[in-house]
Structure formats: C-alpha cells, structure tokens
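Using my numbering, the letters of the sequence shown map in sequence onto residues 1 to 216. A virtual CB, placed ideally from N, CA and C, is assigned to each residue, including glycine. Nothing here was measured: the structure is a model prediction, and the numbers come from that model. Okay, structure first, notes after.
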Amino acid sequence: AEGDVIDARDAGGLSDDAILAAVEALRGDLTQVPSAVSAIKVDGERAYKRVRAGADVVLSPRPVHISSFEITATQRQGPFVDLDVHVECSTGTYVRALARDLGRALDVGGHLTMLRRTRVGRYDAGRAASLEQLAGHPPEALPVIGLDEAAVDNFATYVLAIDEVAGVRNGRTLCAELAPDRSDQPVALLAPSGTFLALYEQRGAVATAVAVFAPA
Numbered sequence: 001a002e003g004d005v006i007d008a009r010d011a012g013g014l015s016d017d018a019i020l021a022a023v024e025a026l027r028g029d030l031t032q033v034p035s036a037v038s039a040i041k042v043d044g045e046r047a048y049k050r051v052r053a054g055a056d057v058v059l060s061p062r063p064v065h066i067s068s069f070e071i072t073a074t075q076r077q078g079p080f081v082d083l084d085v086h087v088e089c090s091t092g093t094y095v096r097a098l099a100r101d102l103g104r105a106l107d108v109g110g111h112l113t114m115l116r117r118t119r120v121g122r123y124d125a126g127r128a129a130s131l132e133q134l135a136g137h138p139p140e141a142l143p144v145i146g147l148d149e150a151a152v153d154n155f156a157t158y159v160l161a162i163d164e165v166a167g168v169r170n171g172r173t174l175c176a177e178l179a180p181d182r183s184d185q186p187v188a189l190l191a192p193s194g195t196f197l198a199l200y201e202q203r204g205a206v207a208t209a210v211a212v213f214a215p216a
C-alpha cells in the first residue's frame, strides 16, 4: 500500500466472539456502499480514476445478499488480526466493502489483502483447466462447456414453437411472455430440439433480441 498513515487501531484485543458476532451481522440482505476505488461510473468516469485524481467519491448504497460468510482461519500477530473467510454472495457485492464494513463494525478498521473467486454462477474453479493442462494438450482434447449448456445453466429458458424459430434466427420481435418471474433479466430462447438460439428480453407484451447466436 502507498500513502501516509492517518490513523492506526489495535485489533489485538478483539475476542473471537466479537468477531463472530460482527460477521453474523453481515449475512443476509444488506445495503452496501461500494468501495470508492471501483469501476462504477460517476458522471461518465470510473470511480477509481476520480479517487486517484484526488476527488472525494461517495457512491450510492445498493442492495446485496450474503448467503454465506464463514471464518475458516484466524491469525493473530501483535495489533493485527488476519481472517481467512469464505463468502457466497449475490452479483454486485463488493467483497472489499465487506472487509471494510467488518472492520468498521469492530471499530478497528479492515481491508482486503487477497481475493480468490472460486465460483461464478454454476461454474467453479474445480472445472477449470490448469495452465499445464492447456499447454500439454491440443484444444480439442480438453473438455469445453458448450453454448447450449452455458445458456441453460445461466438463464431462464423459453422453448420456441417450430414456426417461431426462423424469426428468432433473424432477431425479429417475438409476441410472447418469456418468463413472468424473471421479466427483468434476459431469457435464453431454445429451438424445439434444445439448441440455444438467442437471448431476448421482455419489453411489455413483446420480447426483443439482446443477442442472436444462431445463424439465420
């Protein structure tokens, strides 16, 4: 880290019970203020660029959900307490801000020293190929997640009637209600055979193309 130290707190006296209680309070539905050093745009400019230019940036709070926040290891050294944690959270959560808020709740300050993302949606690090595997095998020998599987794994789906397929291949507006319970998110449109064709989004009584993946 660079810069001048403007304040220092001693976390050495924190009890395990106090830390656990503060962690528990940060589970569930929360309103989180993102870290000012983030890629969120403020008046068309990334927040982190404004901070680095010396601006005082305060971002608006946003709802997030922390489904799991568990301490896996604790290391104490003098005035410092280092926590290894496992977090499962909603899209848009800033784990840096979670560390900040934990330190603030304990009145000692807190920051993130390392972050490893192990899962996004249904894809986890256990399914990834290592650099050694990539270097030692031809691409066709490695398992690849197909487009059909990826679409079904990550989006609500809508199976088209056979007479709707040609129009969707050309990106035409579709008169249909795709997914009433997911109307604010793109929906994967599938041919009757299960082949993924396009992503569409609901706009009132019709659905319009976001991206078409199948050739016309």
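Item                                                                                           : Value
Per-residue burial, I162 [other beta carbons within 10 Å of its own, 16 or more giving buried] : exposed
C-alpha distance - L147 paired with F196, whole-angstrom precision                             : 7 Å
Minimum length 4: unbroken alpha helix (DSSP H) runs contained in the stretch 30-92            : 47-52
R9 (DSSP reduced to helix, strand or coil)                                                     : coil
Beta carbon of A207 nearer than 8 Å to that of A176                                            : yes
A55 versus L106: straight-line alpha-carbon distance, rounded                                  : 28 Å
Cβ-Cβ distance between P34 and R62 below 8 Å                                                   : yes
Beta-carbon separation (whole angstroms), A209 vs G171, contact threshold 8 Å                  : 4 Å
C-alpha distance - L59 paired with K41, whole-angstrom precision                               : 9 Å
Boundaries of the alpha helix (DSSP H) in which A18 is found, first to last residue            : D16 to E24
CB of P79 within 8 Å of CB of D17, strictly                                                    : no
C-alpha distance - T74 paired with P192, whole-angstrom precision                              : 53 Å
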